[in-house]
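Enquirer: From first to last, the protein sequence lines are chains A and B. Residue numbering for the first sequence follows my numbering, beginning at 6 and increasing consecutively. Residue numbering for the second sequence follows my numbering, beginning at -9 and increasing consecutively. Here a beta-carbon is modelled for each residue, glycine too, at the ideal position from N, C-alpha and C. Note that the structure is a prediction, hence the values are computed from the model and not measured. Take a look at the following structure, please.
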Amino acid sequence: MSEIKNIINGCLKGYRRDQELLYRRYAAKLYAVCLQYAGNDEEAKDILQEGFIKIFENLVHYKHEGSFEGWIRKIIVNTALEKYRSRHNLYRVDDIDDIPEPDANPDNEDYSGLEAGDLLGIIRELPPKYRMVFNLFAIEGYSHKEISKMVNISEGTSKSNLSRARIILQRRVGSYTGLRKKISHG
Amino acid sequence: MDDRGANIDLVFRNGLKDYEVLPPQEVWNDIRPVIRKKQRPFILLRVAAVAAVVLSLGILAYRLSYEITYGIENQLITLNPESVLPSANNAEAIIPVPPVITDQEPVANVIRDDRPVSPIATDNFNTTIQDFADISAQEDLTENSVINNRQYDLLAINYAAADFMDFDERTTLDAPDNTIRKEPGRWSISALMSPTYQSRFGTGENEAMANLMASEEAVVSYSGGLALSYKISKRFSIQSGVYYSSIGKELSGISAYSGFEDHFYTKGSPNFEVLTSNGLVHTENNDVFLADRMGDGRITTAYNNDVFDPEKASLKYIDNSLHQNFSFLELPVILRYKIIDKALDFNIIGGFSSNLLVNNSVYASSDGNKLPVGKTEGMNILIFSSSLGMGMEYNISSSLSLNLEPTFRYFINPFNNFSGTGIHPYSFGVFSGISYKF
């Protein structure tokens, strides 16, 4: 029996140590996912907390088929989606023209030197509507058809949101790398 | 644009793929009470369900015992041919009773039976001695309802006209039937078995001990054995015997690996010491490597995480917990007091036992195979326990009975006087088995 299977069995029996082991093993990875979807740290913590409670509650339904990490990640993403849907009306989608022009040429596709922390910072600056579609499409690999059902928008809106998200991200990444180049060249 | 879009997608997908950010400690602190709270009703429900089942069984058993006893008493009167049917010798005393068997009131009317009756049942006052002789000659009373009805009727006549009977006849009717209610012997031997759940009360605990106990989970184990009991009086009996009981705990968060024998010479002694609430576990198998995944400092070794990585050394992973097991040979002295003496008896059981430690082992388990690890040091060889329970005994015959005994057992002295603490385990089991009286 694999180590994770033992931990899951311990959790199902209600063993506190196994619950903590499971949390400690995946919390850092899943918290990074939460930060990707959330508008701020408080929201990310809420998603992680609610997501883990759902994980423990639904462990009994896990059939040990496929990756366990994939299964728990899906729960976290769904929790983030629920949170997004509940707050959907509170968000204002920024107009594309509000995004400041980048300092560097956006066609420059030299993204070297960008670290995961930088990428996370950039993705979190996206308006929630664009961030959600970009995450679901580019990171999780859902189709526009699936996203339209998940976020309750049309496929066309999903495509349009993705396109706008990409433009914003390219500009921001471009300005980020341009700024870096400026700094490095004095 | 599509290519550039796909390119930016890849930048983020690959860049964030294995990214990790440690969440604040408060998140786990907020999760823990919620999942514990959600589990508690489930545990309470299970306890309530067990209590409800035991209570329901008790009530059902009591009712059953009452009905069976009542039924047997009635049958003794109605179906015993010796006590019901008059013999040819005393039939004369019954025949002259005029109020019931007359021309105007046939027997069929008296017994309120609308079914067609045989000519013998509708005979009038002229019923002869020969008629009764015919009935007496029939062996199978239960299969002939007409005859049974007639017997019932005759019984009524006998009681109504008791004065007509001689002393011997009344004695036959009133005396208990010794052929059915045979007094069993004073001795009985029982074979009993029970699943046992173990937990413990702790005294003198400090925070470190509380943490240790939190990482250990009791497991359900089994007890069983033979008991000999002697009936002192109608209600009291004393019992002794030999039981084998096994109790255990799961030490979670400790990963066990095999294949360490090829590596241990690099840093010194291959032995590991694991701190548990029952004492210090000392490894005796040089092929076993242990690692505390909780990082609680429960393990003392020369091969800590800084100097040895079992994954890099390609050790074979076995389990993420250790199993601590203790087996005892139990010699009990138990008193039973019978509170209900029916077909189904109820007893209160209480007594003391001497428990001799016969097995002390720690092992890791993988797919049903046990890998011996070592044993717990400093265990007390002799432990005394007290027990209290309730016994239900269903008599299937005068010498055989089935037993069901929910029993609570408390260990009076601790397993181990390790570091000044006193852990007093207790266990709960439901013994079931069979007894033979002789």
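Report the rounded CA-to-CA distance for alanine 333 (chain B) versus leucine 325 (chain B), giving the unit in angstroms.
Expert: In the second sequence, residue 333 (chain B) corresponds to position 343, counting from 1. In the second sequence, residue 325 (chain B) corresponds to position 335, counting from 1. Rounded to the nearest angstrom, the two C-alpha atoms are 21 Å apart.
Enquirer: Kindly indicate the opening and closing residues of the beta strand (DSSP E) around alanine 354 (chain B).
Expert: Start at 1 with the first residue of the second sequence, and residue 354 (chain B) comes out as number 364. Alanine 354 (chain B) -> beta strand (DSSP E) spans 334 to 356.
Enquirer: Please classify glutamate 120 (chain A): is it buried, with 16 or more other beta-carbons within 10 angstroms of its beta-carbon, or exposed?
Expert: On the first sequence, residue 120 (chain A) is found 115 positions in, with the first residue counted as 1. With fewer than 16 other Cβ atoms within 10 Å, it is exposed.
Enquirer: Would a check of beta-carbon distances place aspartate -1 (chain B) closer than 8 Å to chain A?
Expert: Here residue -1 (chain B) refers to the residue found at position 9 of the second sequence. For aspartate -1 (chain B), the answer is yes, since a Cβ of chain A falls inside 8 Å of its Cβ.
Enquirer: Between the Cα of leucine 312 (chain B) and those of B:Phe318, B:Gly358, B:Ile244, spot the shortest distance and give me the residue it belongs to.
Expert: Looking up residue 312 (chain B) in the second sequence gives position 322. Looking at the Cα atoms, B:Ile244 is the closest of the given residues.
Enquirer: Can you check the stretch 212 to 297 of chain B for any beta strand (DSSP E) of at least 3 residues that lies completely inside it and give the ranges in chain order?
Expert: 226 to 248, 263 to 266, 269 to 273, 278 to 282
Enquirer: What does the alpha-carbon distance come out to for the pair tyrosine 67 (chain A) and serine 375 (chain B)?
Expert: The residue you call residue 67 (chain A) lines up with position 62 of the first sequence. The residue you call residue 375 (chain B) lines up with position 385 of the second sequence. Looking at the two C-alpha atoms, the distance is approximately 42 Å.
Enquirer: With 16 as the cutoff for other CB atoms within 10 Å, does tyrosine 220 (chain B) come out buried or exposed?
Expert: Counted from its first residue, the second sequence places residue 220 (chain B) at position 230. Within a 10 Å sphere around the beta-carbon of tyrosine 220 (chain B) sit fewer than 16 other beta-carbons, which makes this residue exposed.
Enquirer: Within the 8 Å Cβ cut-off, does tyrosine 247 (chain B) reach chain A?
Expert: In the second sequence, residue 247 (chain B) corresponds to position 257, counting from 1. Chain A contact via Cβ: absent.
Enquirer: Is the shortest distance between the beta-carbon of isoleucine 152 (chain A) and the beta-carbons of chain B less than 8 Å?
Expert: Residue mapping note: residue 152 (chain A) aligns to position 147 of the first sequence, counting from 1. It does not; no Cβ of chain B falls within 8 Å.
Enquirer: May I have the straight-line CA-CA distance separating isoleucine 158 (chain A) from asparagine 14 (chain A), to the nearest angstrom?
Expert: Here residue 158 (chain A) corresponds to residue number 153 of the first sequence, with the count starting at 1. Here residue 14 (chain A) corresponds to residue number 9 of the first sequence, with the count starting at 1. Each residue's Cα considered, the two are about 39 Å apart.
Enquirer: Could you spell out where the alpha helix (DSSP H) holding asparagine 140 (chain A) opens and where it closes?
Expert: One-based indexing of the first sequence puts residue 140 (chain A) at position 135. Careful: asparagine 140 (chain A) lies outside any alpha helix (DSSP H) and carries neither H nor E.
Enquirer: So, are the CB atoms of serine 211 (chain B) and isoleucine 228 (chain B) less than 8 Å apart?
Expert: In the second sequence, residue 211 (chain B) corresponds to position 221, counting from 1. In the second sequence, residue 228 (chain B) corresponds to position 238, counting from 1. Contact: no.
Enquirer: Give me, in chain order, the residues of the same chain whose beta-carbon lies closer than 6 Å to that of arginine 283 (chain B); leave out the 5 immediate sequence neighbours on both sides.
Expert: Here the question's residue 283 (chain B) lines up with position 293 in the second sequence. Short of 6 Å from the beta carbon of arginine 283 (chain B), and not among the five residues preceding or following it, lie these beta carbons of its own chain, in chain order: Gly243, Ser245.
Enquirer: Going along the stretch 3 to 27 of chain B in order, which residues come within less than 7 Å of chain A, judged by CB to CB distance?
Expert: Flagged, chain order: Arg3, Gly5, Leu6, Tyr9, Glu10, Val11, Leu12, Pro13, Pro14, Val17, Trp18, Asp20, Ile21, Val24, Ile25.
Enquirer: Which residues, in order along the stretch 305 to 320 of chain B, keep a beta-carbon less than 8 Å from a beta-carbon of chain A?
Expert: Tyr307, Asp309, Asn310, Ser311
Enquirer: Could you check where the beta strand (DSSP E) with tyrosine 384 (chain B) kicks off and where it finishes?
Expert: By 1-based counting over the second sequence, the position of residue 384 (chain B) is 394. Run containing tyrosine 384 (chain B): 372 to 385, per the beta strand (DSSP E) assignment.
Enquirer: Expressed to the nearest angstrom, what Euclidean distance is found between the alpha-carbon atoms of alanine 85 (chain A) and serine 189 (chain B)?
Expert: For the purposes of this step, residue 85 (chain A) is taken as residue 80 along the first sequence, with counting starting at 1. For the purposes of this step, residue 189 (chain B) is taken as residue 199 along the second sequence, with counting starting at 1. A straight line joining the alpha-carbon of alanine 85 (chain A) with that of serine 189 (chain B) spans about 41 Å.
Enquirer: Tell whether a beta-carbon distance below 8 Å holds between glycine 5 (chain B) and leucine 35 (chain A).
Expert: For the purposes of this step, residue 5 (chain B) is taken as residue 15 along the second sequence, with counting starting at 1. For the purposes of this step, residue 35 (chain A) is taken as residue 30 along the first sequence, with counting starting at 1. Contact check for glycine 5 (chain B) against leucine 35 (chain A) fails: the beta carbons are separated by 8 Å or more.
Enquirer: Exposed or buried, threonine 290 (chain B), counting other C-beta atoms within 10 Å across all chains shown (16 or more means buried)?
Expert: Counted from its first residue, the second sequence places residue 290 (chain B) at position 300. Exposed: under 16 other Cβ atoms inside 10 Å.
Enquirer: Which of the residues in the stretch 119 to 140 of chain A, read from start to end, lie with their CB under 7 Å from any CB of chain B?
Expert: Leu119, Ala121, Leu124, Leu125, Ile128
Enquirer: Answer with yes or no whether the minimum CB distance from glycine 161 (chain A) to chain B is below 8 Å.
Expert: Residue 161 (chain A) sits at position 156 when you count from the first residue of the first sequence. Among the CB atoms of chain B, none fall inside 8 Å of the CB of glycine 161 (chain A).
Enquirer: Kindly indicate which residue of B:Asp357, B:Phe342, B:Asp296 has the alpha-carbon position closest to the one of glycine 231 (chain B).
Expert: For the purposes of this step, residue 231 (chain B) is taken as residue 241 along the second sequence, with counting starting at 1. It is B:Phe342.
Enquirer: Could you tell me whether any non-hydrogen atom of the ligand ATP is closer than 7 Å to the CB of leucine 0 (chain B)?
Expert: Because no ligand of any kind appears in the structure shown, any question about the ligand ATP cannot be addressed here.
Enquirer: What residues in its chain sit with their C-beta under 7 Å from that of leucine 26 (chain A), if we drop five residues either side in the sequence?
Expert: Numbered from 1 along the first sequence, position 21 holds the residue referred to as residue 26 (chain A). Answer for leucine 26 (chain A): Ile12, listed in chain order.
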